[in-house]
Each structure stands twice: as C-alpha cells, then as structure tokens.
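Mapping of the sequence shown onto my numbering: position 110 corresponds to residue 709, and the numbering continues sequentially without gaps. The beta-carbon is built from N, C-alpha and C at its ideal position, and this holds for glycine as well. Here's the structure, in structure tokens; my notes come after.
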Amino acid sequence: MRTAQQRGYAVLPVNYRGATGFGTQFISAGDLQRGRTMHDDLLDAVQWTATSGVTSADKAAIMGGSHGGYATLAGMAFTPTTYACGVDIVGPSNLFTLLQTIPPYWEAGKQQFYKHIGHPTTEEGKALLKERSPLNFAQNIQRPLLIGLGANDPRVNVAESEQIVAAMAAKNIPVAYVLFPYEGHGFARPVNNIAFNAVTENFLGLCLAGRAEPIGATVKASTAQVRHGAKFAPGLLEAMR
C-alpha cells in the first residue's frame with residue numbers, strides 16, 4: 600500500500616462487512632456474503648471515489664491479499680468492467696477447494712469457516728460455494744490481472760492460483776503469475792517482498808499510466824518464478840534474463 604502511495608496513487612482501504620475490529624455484529628454481517636454484499640461494499644467504495652473526484656471511473660484498480668485476494672478475483676470476474684486491473688496476493692479462486700484443504704492446525708475452527716463461507720458437505724452449501732467462486736466465472740474477466748503466491752502456502756494451495764491462471768490463459772485473457780518458492784501465506788523474505796512490489800508497480804504503471812521504478816535486479820535477487828504472462832509487467836521479461 601505504501602509503495603502505491605509513493606508512486607502517486609490514491610489508496611482506499613475498505614472495511615467491508617465481515618471485517619474484524621467493529622464488533623461481532625459487523626463480522627456476522629459478512630456470513631455467507633463473499634461475492635455478494637461484501638463485494639457490493641467494495642463497489643460502493645469505487646463509486647464513491649469516482650463521484651467524489653478522487654479518480655475517474657476507468658482508473659480504479661483492486662488489490663488485496665488473502666481474503667482481499669479473493670475479493671480481487673471476485674471483482675474482476677463478477678463485475679468485469681469495474682476495475683482497470685487487479686492484483687491478487689495469496690487469494691483463493693475456488694471456495695470449495697479452499698475449504699477442502701484447510702490445514703490441520705485450523706481443524707478446531709472448521710465449523711466457523713463453514714458458517715462464514717459456506718458448508719462444503721451440503722447440497723445447498725456446495726451450490727453457494729460454486730456460485731461465489733471466481734474460478735467458475737474466469738471466462739468473464741476482461742481486464743489484466745497479476746497474481747502472486749507462496750509455493751508453501753498452507754492455507755491457500757498453489758492450485759488456487761494455477762487453476763484460474765490456466766482458465767484465463769485458455770481464453771487469452773491477460774494474466775501474470777509469479778510464484779515464490781519457500782514462501783507461505785504472504786512473502787516473509789524481504790527480497791521477495793521487494794521483487795513482488797517491483798513487479799506490481801510496473802504492472803499498475805502499464806494499467807493506470809502511473810509512475811514505476813524499473814524492476815532491475817529485484818526479481819533475480821528473489822526466489823520468484825514467473826509462471827505466466829511476464830509480458831504484462833513492463834521490464835519483467837528482461838529482468839528474468
């Protein structure tokens with residue numbers, strides 16, 4: 600977020616319903632609302648930025664990590680003309696497979712996940728999870744997407760990124776995908792954080808015509824593996840050589 604601000608972007612963090620910090624009623628308001636009213640809260644925020652003069656309607660991007668990564672994928676798939684581009688960091692694309700791969704240390708809280716997201720063992724729950732999973736609507740995505748993931752993520756399996764990248768690539772939809780070996784749910788190593796920030800700012804620079812510092816040696820110094828779409832981040836192909 601700070602990097603985007605330093606490059607001159609107006610950044611709006613949104614406390615959508617279901618977020619923590621505002622009491623249990625606010626959290627519960629997000630139950631079973633992924634891809635619906637939680638998504639609507641973000642759309643309201645985008646509309647506000649346009650009507651208040653913060654930006655124009657065609658210059659809004661969406662970026663987030665974990666659930667924010669899911670929200671990015673949902674925004675790009677469910678409302679494909681709202682955002683000029685998106686950056687998904689460790690976000691799940693398929694809510695059903697996400698719940699199937701809950702790590703053992705979260706076993707005690709599994710029922711809470713079902714309450715918040717949907718139940719993967721009931722017919723009603725399966726239908727809801729299918730309906731709210733961006734993967735199933737990947738063909739609707741129209742704008743460029745950048746995806747970053749840690750190869751050892753215990754919460755969001757590598758398949759969560761690779762399956763939506765494959766679906767988009769099959770339709771020739773622009774998507775760049777950077778995988779970081781030895782990283783988990785986020786990028787803990789400074790060299791990897793720096794590398795993904797460099798890729799992100801160049802991706803946004805192309806999408807939003809913003810400022811960007813050249814990628815330089817940042818990617819080479821990291822564990823990054825560019826699995827797809829290097830051409831969608833200016834300088835990334837050269838940085839890999």
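| Asked | Found |
| --- | --- |
| Hey, how far is the Cα of Gly708 from the Cα of His715? | 11 Å |
| Going along the chain, which residues of its own chain have a beta-carbon closer than 6 Å to the beta-carbon of His784, five neighbours each way excluded? | Val689, Asp752 and Arg754 |
| Could you compute how far the alpha carbon of Arg633 sits from the alpha carbon of Phe795? | 26 Å |
| So, helix, strand or coil for Val657, using DSSP? | The identity of residue 657 in the sequence shown is Asp, whereas the question assumes Val. If DSSP states are grouped into helix, strand and coil, Asp657 belongs with the helices. |
| Taking the C-alpha atoms as reference points, what is the distance between Ala838 and Phe625? | 44 Å |
| Between which residues of its own chain and Gly620 is the CB-CB distance below 8 Å, once the five residues before and five after are set aside? | Asn614 |
| Within the continuous alpha helix (DSSP H) that includes Tyr669, where are the two ends? | His666 to Phe677 |
| State buried or exposed for Leu581, treating a residue as buried only when at least 16 other CB atoms are found within 10 Å of its CB. | Within the shown structure, residues of the chain are numbered from 600 to 840, placing residue 581 beyond reach of any answer. |
| By how many angstroms is the C-alpha of Leu748 removed from the C-alpha of Tyr776? | 8 Å |
| Please report the Cβ distance between Asn693 and Ser732, rounded to the nearest whole angstrom; I am assuming they are in contact, meaning their Cβ atoms lie under 8 Å. | 5 Å |
| Pull up the CB-CB distance for Leu744 and Asp687, whole angstroms please, since I reckon it's below 8 Å. | 7 Å |
| How many angstroms separate the CA atom of Ala659 from the CA atom of Phe831? | 18 Å |
| Given Glu723, which residues of its chain have a CB within under 6 Å of its CB, disregarding the five upstream and five downstream residues? | none |
| Pick out whichever of Leu807, Glu761, Ile746 and Leu698 has its Cα sitting closest to the Cα of Leu728. | Leu698 |
| Who are the Cβ neighbours of Thr636 in its own chain at under 7 Å, not counting the five residues just before and after it? | Arg616 |
| Leaving out five residues before and five after Gly668 in sequence, what residues of the same chain have Cβ atoms less than 6 Å from its Cβ? | Asp687, Ile688, Val689 and Gly690 |
| Where do the ends of the alpha helix (DSSP H) carrying Phe712 lie? | Lys709 to Ile716 |
| Where does Met839 sit, in a helix, a strand or coil, going by DSSP? | coil |
| For the stretch 737-765, list the beta strand (DSSP E) runs that are entirely contained and at least 3 residues long, ordered along the chain. | 744-749 |
| Mind checking Asn771: buried by the 16 CB within 10 Å criterion, or exposed? | exposed |
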